[in-house]
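Taking it in order: structure first as structure tokens, then the write-up.
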Amino acid sequence: MRYDDFRRSDNIDDRRDDDGGGGGGFGIPMGGGGGLGIGTVIVLGLVGWAFGIDPRILIGGAEILTGGQQAPSYQTDRRSGPPKAGAPSDEMGSMISGVLGEIDDRWSEIFKDSGQTYTGPRIVLFRNATNGGRCGMAQAAMGPFYCPPDKQIFLDTNFFRQVETRFRGCSGNACKFTAAYIIAHEAGHHVQNLLGILPRVTRLQQQAGSKVEANALQVRVELQADCLSGVWVNREEKKRPGFLEAGDIDAALQTATAIGDDTLQRQAQGRVVPDSFTHGSAEQRKRWFMTGYQQGTVQACNTFGADRL
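Our numbering applies: residue 21 is where the sequence shown begins, and numbers increase by one.
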């Protein structure tokens, strides 16, 4: 992905340590009794990789995995300096700022075409753990997520390295586009929030007769966000021909495969339970991203009206 000419957004809250260097990764569960077993930590981490909205909404809180036990607290990076607002100057921060700037510009154009006004989300960059505002503590093991009440995207930047090394979701320069796909997915949740889709789905989930029904609604939310990320790529390619490089789309599809619910469940528990899906299968995630990418319209992303997901 070529991003040198991307517009850098200042709507960044950089809470990483001052040197912008190493550290980060999964936080270490602290404390003794009532803590998570290693198997549960792995499951929570794998589910976190799927990325999405406030994880407590998507996976129903850690009690689903722990049988009601309190989730562990995570130790923050003691080297972290005070938050810094504005476009970061390090390579990864600059790339994220550029992707956000282009996402905001393309969605502003789309909203304007329909007579609406778009205001972009704020991205919070952190390492290990940070205050997630009204969505509680943001932890590395959650993966990237969008907090609807605060209209903020939380990113532990080590996540992008883990996509390459842990899940083989991309390799080399294509990992930059994979990062853009992930950020665009979170921005897709922001679009859903602005359009009133997330509040409506939340009400329907509260009225659902079972967890299976609520999960099915969440799958449609997530697949729509995948589709909306494809819409951004379509519009960005038209605005900046050549910004995509060979292998970029394949890398995004490879990442979608790695974070499909079926893939994650096989890795975590050795079997697939479709009724517990919250994000969609690998095949569904790839197909809906490509739908958005190929058609380039919000209308093409109506997962709630689709007979086949």
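Here a beta-carbon is modelled for each residue, glycine too, at the ideal position from N, C-alpha and C.
- For T198, the enclosing alpha helix (DSSP H) covers residues 194-214.
- L284 is the residue among L284, D327, E265 whose C-alpha sits nearest the C-alpha of H299.
- With a beta-carbon spacing of about 7 Å, L120 and N31 fall inside the 8 Å limit used to define contacts.
- When secondary structure is reduced to three states using DSSP, K306 falls in the helix class.
- Closest option to L215, judged by alpha-carbon separation, among E122, I269, N322: N322.
- With 16 or more other Cβ atoms from the protein chains shown falling within 10 Å of its own Cβ, S301 counts as buried.
- Cα atoms of Q159 and D176: separation of roughly 8 Å, rounded to the nearest angstrom.
- Taking the C-beta atoms as reference points, G325 is found no nearer than 7 Å to V251.
- In this structure, C195 places its C-beta atom within 7 Å of the C-beta atom of E184.
- Distance from the CA atom of V221 to the CA atom of A204, rounded to whole angstroms, is 20 Å.
- Residue burial is scored here from C-beta neighbours: Q319 has fewer than 16 other C-beta atoms within 10 angstroms and is therefore classed as exposed.
- In terms of Cα proximity to G192, the closest of K104, E265, G290, Q289 is E265.
- Going by beta carbons, G118 and R28 fall inside the 7 Å limit.
- Around A200, the same chain offers M21, V119 as residues with beta carbons nearer than 7 Å, after the five sequence neighbours per side are excluded.
- Within the segment 100-150, the beta strand (DSSP E) runs of at least 3 residues that lie entirely inside it are, in chain order, 142-146.
- As the crow flies, the alpha-carbon of S134 is around 20 Å from that of L218.
- Rounded to whole angstroms, the gap between the alpha carbons of K258 and S230 is 43 Å.
- D270: member of the alpha helix (DSSP H) spanning 268-278, first to last residue.
- Within the model, the alpha-carbon separation for D170 versus P164 is close to 15 Å.
- With respect to the 7 Å criterion, V144 and Q182 are not classified as neighbours on the basis of their beta carbons.
- DSSP places M157 within a strand segment (E or B) once states are collapsed to three.
- Collapsing the DSSP output to three states places L175 in a strand.
- Boundaries of the alpha helix (DSSP H) harbouring D282: 281-289, taken from the DSSP string.
- For D33, the beta-bridge partners assigned by DSSP are A105, V144.
- Taking every protein chain shown into account, the CB of D25 has fewer than 16 other CB atoms within 10 angstroms, so this residue is exposed.
- Put simply, the backbone Cα of D110 is about 10 Å away from that of I116.
- Taking all protein chains in view, the Cβ of E242 is crowded by 16 or more other Cβ atoms within 10 Å, so the residue is classified as buried.
- The beta carbon of D125 is closer than 7 Å to those of R27 in its chain, skipping five residues each way along the sequence.
- By the neighbour-count criterion, in which a residue is buried when 16 or more other Cβ atoms sit within 10 angstroms of its Cβ, D327 is exposed.
- In terms of Cα proximity to D246, the closest of A228, G262, H210 is H210.
- Short of 7 Å from the beta carbon of T317, and not among the five residues preceding or following it, lie these beta carbons of its own chain, in chain order: V251.
- The beta carbon of L237 lies closer than 8 Å to those of V221, L224, Q225, A228 in the same chain, with the five residues before and after it left out.
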